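Per the working numbering, the sequence shown runs over residues -1 to 257.
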Amino acid sequence: MDNASDHYARTDAGDAMADRILAALRAANGDAPVTPKALEPLDHFNARGAAATAMLATLLDAHPGEEVLDIGSGIGGPARWIAVRHGCRVTGVDITPAFCAAARKLNVACGLMKQVTIIDGDATALPLPDKSFDRAYSHGVIMSIAEKSKFFREAFRVLKPGGRLVLFQHNAGPNGPPDFPLPWASSAEHSFLAPDGETRRDLVAAGFEVQSFVDVIPVAPTTDSNVNGWDAGQCDSPFLRNGGDGDDDRDHPVGSGGG
Ligand SMILES: C[S@@+](CC[C@H](N)C(=O)[O-])C[C@H]1O[C@@H](n2cnc3c(N)ncnc32)[C@H](O)[C@@H]1O
């Protein structure tokens, strides 16, 4: 196993993955429509599921008609969820081809082919033009990326001036290295947890202004996705980050908390 793509999808083809998800949904819901809400227990592929996506979406604060980028989009659960709830267009990029294929098939099942686009690609070399997105987010991805400064530089490059970046990730804690396997890595060789200070430094070096840096562990529900009213101001240390408006290129990504 040599990279995140191998870790996440060694044996499964994307079509088969999507078919199994759709079969599970039919078993639970019968012929009810396939929607991002119905898929919610199955397609948010991160530690806290749709509850975390709802928190991230509150900080992202996307508006109808905006272009939003999902970096490391997995099988597309958060992308579809945010596209439908916020009326924006979402482009997802992911390094695991099987996940991209599954995401496309689930987009079709939801009738969201025009609103959600999935592209095969690496977060450290995004196959996207400069200044093309109003907002960007990454959910449960950065722990797999060794070259984090490249990740942040690329996110900055593709955001329009004044754009916003929101990250939801695990960082290194005070108690030493974690035990393996973990959901994102089977061994220490493939896990890249950054201390908070390093994340802040990387973000600022890429040009971002950090607006909030939130530890959601004390406050976040892990199973209830009905957290749209979640208040980003209620907690105040690591984990969720966004940054600030800028009036020049250096400041461009990340928003002031208000869109
Ligand atoms: C835990 S999953 C999260 C998926 C999605 N964000 C979600 O929350 O449902 C991590 C994802 O990051 C992707 N990933 C890891 N390294 C990547 C890279 N360098 N570029 C793009 N995607 C990457 C993996 O393929 C996987 O889909």
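Just so it is clear, CB atoms sit at the ideal spot from N, CA and C, and this is done for glycine as well. Remember, predicted model here, so these are calculated numbers, not experimental data.
My understanding is that residue i touches residue j, with C-beta atoms under 8 Å, so please give their C-beta distance in whole angstroms.
i: residue 91; j: residue 121; result: 7 Å
i: residue 54; j: residue 40; result: Wrong, their Cβ atoms sit about 18 Å apart, outside the cutoff.
For the beta strand (DSSP E) that residue i lies in, which residues bound it at each end?
i: residue 154; result: First-last for residue 154: 146 to 156, but that is the alpha helix (DSSP H), not the beta strand (DSSP E).
i: residue 140; result: It is not in any beta strand (DSSP E) - residue 140 carries neither H nor E in the DSSP assignment.
i: residue 82; result: Not the beta strand (DSSP E): residue 82 falls in the alpha helix (DSSP H), residues 75 to 84.
i: residue 67; result: 65 to 69
i: residue 211; result: 208 to 212
Please list the terminal residues of the continuous alpha helix (DSSP H) segment that includes residue i.
i: residue 97; result: 95 to 108
i: residue 200; result: 194 to 204
i: residue 41; result: 34 to 41
i: residue 126; result: Note, residue 126: premise wrong, no alpha helix (DSSP H); not H, not E.
i: residue 13; result: 12 to 27
i: residue 47; result: 47 to 58
What residues in its chain sit with their C-beta under 6 Å from that of residue i, if we drop five residues either side in the sequence?
i: residue 183; result: 189
i: residue 77; result: 68, 71, 88, 90, 114
i: residue 84; result: 60
i: residue 150; result: 200, 201, 204
i: residue 129; result: 158
i: residue 229; result: The pLDDT assigned to residue 229 is 40, lower than 50, so where the model puts this residue is not dependable, and the model offers no usable value.
i: residue 16; result: 100, 103, 104
If I measure Cβ to Cβ from residue i and keep anything under 7 Å in the same chain, skipping five residues before and after, which residues do I get?
i: residue 186; result: 175, 178
i: residue 30; result: 36
i: residue 98; result: 12, 92, 116, 118
Given the structure, does residue i come close to ligand 1, in the sense that its CB is under 7 Å from one of the ligand's heavy atoms?
i: residue 89; result: no
i: residue 204; result: no
i: residue 160; result: no
i: residue 139; result: yes
i: residue 121; result: yes
i: residue 75; result: yes
i: residue 2; result: yes
i: residue 115; result: no
i: residue 79; result: no
i: residue 42; result: yes
i: residue 143; result: yes
i: residue 97; result: yes
i: residue 19; result: no
i: residue 93; result: yes
i: residue 12; result: no
Please work out which residues of its chain come closer than 8 Å, Cβ to Cβ, to residue i, disregarding the five sequence neighbours upstream and downstream, and give them in chain order.
i: residue 259; result: The requested residue 259 is not part of the displayed model; the chain covers only -1 to 257.
i: residue 95; result: 3, 7, 12, 118
i: residue 27; result: 36
i: residue 123; result: 148, 152
i: residue 1; result: 93, 188
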